[in-house]
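> Going left to right, the sequence shown walks through residues 1 to 223 as full-length UniProt numbering numbers them. Glycine residues also receive a C-beta, built at the ideal position from the N, C-alpha and C atoms. Since we're looking at a predicted model, the values are computed, not measured. Dropping a structure here in structure tokens format, bear with me for questions.
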Amino acid sequence: MTTIGLIQLSGEFKSQQQNYFKESDVQFKFCKVSDNHNRFSDFDGIVIVDNEQTNMIHVCQWILTIRKNSNCFICVQSNSLTSENRLFLLQLGASIIVDIEHQTEEEIYWTIHNFFNVEKDNHQVGGINLNQANRNIEFSDGKVVELTNLEFQLMGLFVEFNNRTLDYDKISKRIWGNIDAVEKNRIVNLVFHLRDKLESAGSCPGKIRNIHGKGYMFSMMPG
């Protein structure tokens, strides 16, 4: 049984959303300010709900408090956050942000579900091991590459979509929640830094390729 903490600052994580997760053997437990913060280590993940964007300071405080006590994944559910606010929350330690304005309840479920499958444990494909707790990747030769939170999320997407095209729109929705010209520039910059780290390591068994006009593809090398 997977346990996810639920912090409702404004609006609700609707019962229909919770019903989707029940089919995946997930239970929700509500969190309060008065709770013992050591309890966070008991959760596999935590969802912070601020649908009305009235508690941004509290969202930030919760993220910082959770990160002091746990390496679990943190999902922030909100409504049409600006790109700057999304980036700020990710830099604070949020794992993913979902947008109730632009995503259906089922899309939000699958976004969290798929991301959680990569995040909840060390995830290994071929000669690449993604270490969620330390936000790094380790290759089969023992070499470790430290990543930022955003780079780790992107690497998780590349592993999930191994040998498939990952377009700009999907990258943006999974990391920032929407797409525009500024977001695309951030994607290009993020991919550049991740690719540079992988190539500098010299032992990555995969390669990031540009798919002209569409996005990127991460391809595992044979052998």
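Tell me the rounded alpha-carbon separation between N189 and G93.
20 Å
> For E101, name the three-state secondary structure that DSSP assigns.
coil
> Quick check on DSSP: helix, strand or coil for Q8?
strand
> Helix, strand or coil: how does DSSP classify N131 here?
If DSSP states are grouped into helix, strand and coil, N131 belongs with the strands.
> What separation, rounded to the nearest whole angstrom, lies between the Cα atoms of Q27 and I96?
19 Å
> Report buried or exposed for Q77, applying the criterion of at least 16 other Cβ atoms within 10 angstroms of its Cβ.
buried
> Over what stretch of residues does the alpha helix (DSSP H) that includes F218 continue unbroken?
No alpha helix (DSSP H) holds F218; the beta strand (DSSP E) holding it covers G215 to M220.
> Note down, in chain order, each residue of its chain lying with its Cβ closer than 7 Å to the Cβ of S219, except the 5 sequence neighbours on either side.
Excluding positions up to five away in sequence, the list reads N163, G206, K207 and R209.
> How many whole angstroms separate the CB atoms of L157 and L166, which I take to be in contact at a CB cut-off of 8 Å?
That pair is a contact at about 6 Å.
> Any idea if R39 is buried or exposed, counting beta-carbon neighbours within 10 angstroms, 16 or more meaning buried?
Classification of R39: exposed, given that the 10 Å Cβ count is below 16.
> DSSP state of E146, grouped into three classes?
strand
> So is the beta-carbon of I171 under 7 Å away from any non-hydrogen atom of the ligand GTP?
This structure does not include the ligand GTP; it has no bound ligands of any sort.
> Are S83 and W176 closer than 8 Å when you measure CB to CB?
Their beta carbons are under 8 Å apart, which means S83 touches W176 by this criterion.
> Use the C-beta contact count for T104: other C-beta atoms within 10 angstroms, 16 or more gives buried, fewer gives exposed.
exposed
> Within the continuous beta strand (DSSP E) that includes R209, where are the two ends?
G206 to I211
> Might you give, ordered along the chain, the residues of its own chain that have their beta carbon closer than 7 Å to the beta carbon of D44, omitting 5 neighbours on each side?
T2, T3, I4, C72 and K120
> Pull up the DSSP beta-bridge partners for N136, would you.
Per DSSP, N131 and E146.
> Kindly indicate the opening and closing residues of the alpha helix (DSSP H) around D169.
Y168 to I175
> From the DSSP output, in three-state form, read off D50 for me.
strand
> Determine the burial state of residue 224: buried for a count of at least 16 other Cβ atoms within 10 Å of its Cβ, exposed for fewer.
Nothing can be reported for residue 224: it is not among the residues displayed for the chain, which extend from 1 to 223.
> With DSSP as the reference, identify every bridge partner of V26, one or two as the case may be.
T2
> Which word fits residue 229, buried or exposed, when buried means at least 16 other C-beta atoms lie within 10 angstroms of its C-beta?
Nothing in the structure corresponds to residue 229, since the chain is present only between 1 and 223.
> If you compare alpha carbons, which of K170, S41, E106 and A201 is closest to I74?
S41
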